[in-house]
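Student: Note that the protein sequences, when read in sequence, are chains A and B. When we follow the working numbering, the leftmost residue of the first sequence carries the number 583, and every step to the right adds one. When we follow the working numbering, the leftmost residue of the second sequence carries the number 330, and every step to the right adds one.
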Amino acid sequence: MKHPAFDSHLRQRSKRWKLTMGILTVLIVICFLISMNSGFLHLAPLDVLKTIFGGGTDQQRVILFDLRLPRIVISVLIGAGLAVSGCIMQGISRNPLAEPGILGINAGAGLAVMIYVAFYPGESQQTAFMMPVFALGGAAITAAIIYVLAYKKNEGMSPTRLVLNGIGIASGIAALMIVLSVRVSPEEYRSVYTWLAGSISGTTWKYVISLLPWLIILLPFVFYKAKVLNVLTLGDPAARGVGAPLEKERFGLLAAAVGLAASCVAVGGGISFVGLIGPHLARRLVGPNHQQLLPTSALLGGLMVLVSDTIGRSVLSSGEVPTGIVVAIIGAPYFLYLLAKARG
Amino acid sequence: MNEVADKAEEEEQANQSLQITRRIRPVIGILVLLAGLAALILASGASIAIGTADIHVATVWQAIFHFDPHITAHQVIQEVRLPRVIAGIFVGASLAVAGALMQGMTRNPIADSGLLGLNSGAAFVLALCFAFAPNLPYLSIILYSFLGAGLGAGIVFGIGSLSRNGLTPMRLVLAGAAVSALLVALSQGIGLYYDIGQDMAFWYAGGLAGIQWTQVKALAPWILAALAGAMAISRSITVLSLGDEVSAGLGQRNGLVRAGGTLIVLVLAGAAVSAVGVVGFVGLIIPHIVRYLVGVDYRWVIPGSAVFGALLVVVADTAARMVNPPYETPMAALIAVLGVPFFLYLVRRGGRELK
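1) Hey, is B/K684's beta-carbon within less than 9 angstroms of any beta-carbon in chain A?
2) Leaving out the 5 sequence neighbours to the left and right, which residues in its chain are closer than 8 angstroms to B/G526 when beta-carbon positions are compared?
3) Could you say if the stretch 846-862 of chain A and the stretch 801-815 of chain A meet the contact criterion of at least three C-beta pairs nearer than 8 angstroms?
4) Per the contact definition of three or more C-beta pairs closer than 8 angstroms, is the stretch 470-482 of chain B in contact with the stretch 874-891 of chain A?
5) Can you find a C-beta in chain B that's less than 9 angstroms from the C-beta of A/F803?
6) Taking Cβ to Cβ, would you say B/V643 is nearer than 9 angstroms to B/L369?
7) Roughly how many angstroms separate the alpha carbons of A/L882 and A/L615, rounded to a whole number?
8) For A/L609, I'd like the list of residues in its chain whose CB is within less than 6 angstroms of its CB, leaving aside the five on either flank, ordered along the chain.
9) Between A/L743 and chain B, is any beta-carbon pair separated by less than 9 angstroms?
10) Within 9 angstroms (strictly less), CB to CB, does B/Q432 reach chain A?
11) Leaving out five residues on either side along the sequence, give the residues of the same chain with a beta carbon under 7 angstroms from the beta carbon of B/W551.
12) Is any beta-carbon of chain B found at less than 9 angstroms from that of A/Y698?
13) For A/K734, which of helix, strand or coil comes out of DSSP?
14) Using a threshold of 8 angstroms, is the CB atom of B/G539 nearer than that to any non-hydrogen atom of the ligand SAM?
15) List the endpoints of the continuous alpha helix (DSSP H) containing B/R587.
16) Classify A/T776 as helix, strand or coil using the three-state DSSP reduction.
17) According to DSSP, simplified to helix, strand and coil, what is A/L609?
18) Give every residue of the same chain whose Cβ lies closer than 6 angstroms to the Cβ of B/A645, excluding the five residues on either side of it in the sequence, and list them in chain order.
19) Within 9 angstroms of any Cβ in chain A, is that where the Cβ of B/M651 sits?
20) Beta-carbon separation of B/G365 and B/L613 under 9 angstroms?
21) Could you please give the first and the last residue of the uninterrupted alpha helix (DSSP H) stretch that includes A/G851?
22) For A/N619, return the contacting residues in chain B, with the cut-off set at a CB-CB distance below 8 angstroms.
23) Within 9 angstroms (strictly less), CB to CB, does B/I484 reach chain A?
24) Taking Cβ positions only, does B/L491 come closer than 9 angstroms to chain A?
25) Check each residue of the stretch 599-622 of chain B: if its Cβ is closer than 7 angstroms to any Cβ of chain A, include it; give the result in chain order.
26) Candidates B/G580, B/L556, B/I439 and B/A530: which alpha carbon is nearest B/V502's?
27) Could you tell me whether the stretch 683-697 of chain A touches the stretch 745-760 of chain A, using the rule of 3 or more Cβ pairs below 8 angstroms?
28) Using a Cβ cut-off of 9 angstroms, which residues of the stretch 499-517 of chain B contact any Cβ in chain A, in chain order?
29) Quick one: using the 10 Å Cβ neighbour count with 16 as the cut-off for buried, is B/I357 buried or exposed?
30) What separation, rounded to the nearest whole angstrom, lies between the Cα atoms of B/I400 and B/Q407?
31) Three or more C-beta pairs closer than 8 angstroms, one from the stretch 567-576 of chain B and one from the stretch 450-464 of chain B: is that the case here?
32) Hey, does B/L479 have any beta-carbon neighbour from chain A nearer than 9 angstroms?
33) Since A/L731 meets chain B, which of its residues come closer than 9 angstroms, beta carbon to beta carbon?
34) In chain A, which residues lie with their C-beta within 9 angstroms of the C-beta of B/A378?
35) For the candidate residues B/A387, B/T388 and B/V414, whose alpha-carbon lies nearest to that of B/L640?
36) Alpha carbon to alpha carbon, how far is A/Q642 from A/A725?
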């Protein structure tokens with residue numbers, strides 16, 4: 583490993599990684615500023631700056647601090663969480679097309695939240711803290727089912743089965759969601775439907791506070807485990823050769839991925855494709871080492887959702903397009919492109 | 330070397346199974362078909378009799394064969410229950426035959442119009458119709474539905490065929506999932522923007538409630554023609570299901586058969602979706618059960634799928650009314666409850682073929 587050529591290759595990689603991270607951070611900051619300017623009520627850039635530094639009218643302060651900022655912050659957080667979650671799943675399943683949405687984890691979280699909203703209607707203000715808990719439960723149960731079913735004695739866990747099981751279960755859950763959606767009142771339906779489509783409108787600081795602990799605990803844990811993920815990606819025989827306790831590590835990482843996906847879905851609704859595309863682009867930019875890949879995915883995911891949310895808010899003159907829909911419109915063609923290009 | 334040996338062996342097996350098929354399957358096929366038809370007639374009778382107002386079976390018989398417009402029960406049967414059952418039969422047969430054709434043409438055991446994006450394509454175009462032209466006549470809705478199914482299928486298969494190693498079952502299903510996600514997101518956007526979300530949900534829920542004679546009459550010619558077409562190419566599908574090389578070796582024009590089959594599938598899936606919304610898994614489950622019963626000869630698989638698909642939908646529709654009366658549980662959900670475990674079973678069993 584101490585070969586000089588390899589060494590310089592690593593140094594180059596690391597340099598490139600730092601550059602990528604820097605550029606992404608700058609892009610997020612730029613989008614952050616643009617996003618503060620755009621929306622139903624127009625704020626001039628100068629007003630935004632004035633307001634940030636304590637000036638501005640009351641109305642401007644409300645728009646910026648109570649409406650736009652929490653939304654911008656949560657977009658970045660959700661994107662980061664989903665992208666890291668997808669990155670873990672792709673690593674564990676060794677399938678480059680795995681992500682929480684395709685694997686049915688979003689659907690499981692969505693179903694749990696839908697059941698909660700359907701049976702405790704009209705409490706949506708108090709539910710900011712309960713929704714992630716329910717979503718986590720639903721996602722965990724779904725993930726457990728998919729994982730157990732993909733596992734076969736003698737053969738272990740098959741990545742193909744994992745993905746196919748996820749697709750099957752997701753389409754079953756979609757049918758159950760329809761049952762629930764027909765039951766609720768039109769007003770509730772509208773709010774649930776908006777949520778399902780992946781909308782982060784109406785976000786308040788409460789939602790930020792309810793999501794933040796999950797990310798603060800899980801993201802560092804995952805970054806810390808990046809080396810393990812590198813080993814797992816090599817495949818079972820190689821990983822066993824290195825001496826990693828496979829099932830235990832895989833389980834821990836999967837649990838973290840589920841936790842991330844579930845908490846993000848609970849707040850942001852059914853935003854899919856971020857978990858797929860974030861890691862993919864990241865891999866293209868910085869290579870397969872998870873120590874660099876995971877943070878890059880996080881930034882890319884955050885950027886992607888932030889951009890989608892900003893677009894969703896500014897495209898239509900009246901009303902807005904839910905973020906999840908914008909992400910899907912951008913993300914699905916890219917997914918299909920990857921699929922067309924993939925070998926094997 | 331190995332590959333050549335494998336291919337020779339495959340061809341050998343194919344020939345053998347064709348031989349066996351010729352000898353014993355017709356008897357079994359006829360028996361299965363007759364049993365299925367009998368069950369379908371019974372289920373249809375029960376479906377007409379069971380409902381919010383329970384009607385005696387004898388009354389059902391009279392209402393159909395000695396209709397008396399002065400009796401309310403006869404009216405209910407003629408105007409509400411009968412079109413519903415017939416629509417159920419049509420839809421079930423359509424979905425199952427579409428699934429059988431897709432599985433035969435792609436040699437993919439988990440092909441189904443729901444999983445491969447046809448249903449969501451039709452649903453997307455119908456969402457457009459709901460939003461921009463709410464008063465379209467039913468016949469044009471059906472035609473748009475065909476277009477939509479074609480759109481979904483076109484994207485999925487187009488992507489699949491662009492890829493380097495061709496259409497693997499895995500890739501087809503992934504493309505289906507992604508295209509469905511995109512089309513569903515677009516439909517959701519339309520639903521939200523025009524505030525027709527819940528209307529669409531009611532329709533997506535896949536129910537036969539409220540179906541009328543006009544709809545049945547508009548659908549019938551399309552579905553009957555497509556089913557006849559499916560029967561007409563059934564032999565070619567059997568040959569195709571043995572693999573492209575074998576099929577070409579036997580002098581069949583694969584492209585032509587695929588084109589015809591695809592057209593039939595689009596009509597069947599589009600018609601079904603325009604009638605009841607997105608009902609998945611019928612096209613997945615039924616052909617498997619039928620193949621298990623009658624073998625791999627599509628001359629038997631296709632009529633068998635039609636009969637048993639109709640049976641499944643009629644039974645599910647009846648059950649949907651009985652689960653939680655007087656409310657109707659969406660039929661699509663009931664079928665999914667059966668379909669998901671079956672799908673998981675297929676995935677678990679199909680080691681080699683699903684790679």
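Glycine included, C-beta positions come from ideal geometry on N, C-alpha and C.
Tutor: The answer reads as follows:
1) Interpretation of B/K684 is limited by its pLDDT of 38, a score under 50 that renders its predicted location unreliable; the figure taken from the coordinates is listed afterwards. It does: the Cβ of B/K684 has a partner Cβ on chain A nearer than 9 angstroms.
2) Same-chain partners within the cutoff: Q517 and G520.
3) Taking 8 angstroms as the limit for Cβ pairs, the verdict is that the stretch 801-815 of chain A does not touch the stretch 846-862 of chain A.
4) no
5) no
6) yes
7) 17 angstroms
8) L885
9) The amino acid at residue 743 of chain A is misidentified as Leu; the sequence shows Arg. For A/R743, the answer is yes, since a Cβ of chain B falls inside 9 angstroms of its Cβ.
10) no
11) I471, V596 and A600
12) Taking Cβ atoms only, chain B never reaches closer than 9 angstroms to A/Y698, which makes this a no.
13) strand
14) You won't find the ligand SAM in this model; it holds no ligand whatsoever.
15) Residues N583 to V605.
16) helix
17) Here A/L609 sits in helix by DSSP.
18) M660, L663 and I664
19) No, its Cβ sits nowhere closer than 9 angstroms to a Cβ of chain A.
20) no
21) Where A/G851 is concerned, there is no enclosing alpha helix (DSSP H), given that its DSSP letter is neither H nor E.
22) Result: empty, since nearest Cβ-Cβ is about 24 angstroms, beyond 8 angstroms.
23) yes
24) yes
25) G609
26) B/I439
27) yes
28) M499, R500, V502, L503, A504, G505, A506, A507, V508, S509, A510, L511, L512, V513, A514, L515 and Q517
29) exposed
30) 11 angstroms
31) Here the stretch 567-576 of chain B does not lie against the stretch 450-464 of chain B, with fewer than 3 beta-carbon pairs under 8 angstroms apart.
32) Correcting the residue type first, residue 479 of chain B is Gly in the shown sequence and not Leu. So no, B/G479 is outside the interface.
33) L673, V676 and R677
34) None at all; the shortest Cβ gap to chain A is about 25 angstroms.
35) B/V414
36) 44 angstroms
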